[in-house]
Amino acid sequence: MVDIKHLVENLDRYERELEIRFMEKGLAKKLASVYQHKNQLKIQVDAIRGQKNQFNRKVLQLAGQAKFEAIEEMKQIGERQKNLELELESLETECKELLYKFQI
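Under our numbering, the first residue of the sequence shown is numbered 648, with each subsequent residue one higher.
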């Protein structure tokens, strides 16, 4: 199986190898691009999780309207997290499919 990190570091080598095997041109670049985008999304999702953890500690100290507003804001952040996680799942699937093409 192809190591994606190695592929990203040696992109030109993989592109030449694909060309020699008469495989889809640009496959290595596409896989590298999807992989990097997936990693960026993962960082964003992890940051949101951290925000939510901090919020859970902070919300206990709030009262009244401030608490209500903070909860509403966190609901929006949670919705953003949900959307990012769906996109992340889609990118992970795409990454696996592209990796599979390398093994053929």
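C-beta: ideal position from N, C-alpha, C; glycine also.
Bear in mind the structure is a predicted one, so any value in this text is a computation, not a measurement.
- Non-local beta-carbon contacts of residue 670 in its own chain, meaning distances under 7 Å to residues more than five positions away in sequence, are absent.
- For residue 672, there is no enclosing alpha helix (DSSP H), as DSSP marks it with neither H nor E.
- DSSP places residue 650 in the coil class of the three-state scheme, outside both helix and strand.
- The three-state secondary structure of residue 694, taken from DSSP, is helix.
- In the structure shown, residue 730 adopts helical secondary structure according to DSSP, grouped into three states.
- CA-CA distance, residue 678 to residue 663, rounds to 15 Å.
- By the CB criterion at 9 Å, residue 717 and residue 705 fall inside the cutoff.
- In this chain, residue 707 is not harboured by any alpha helix (DSSP H), its DSSP state being neither H nor E.
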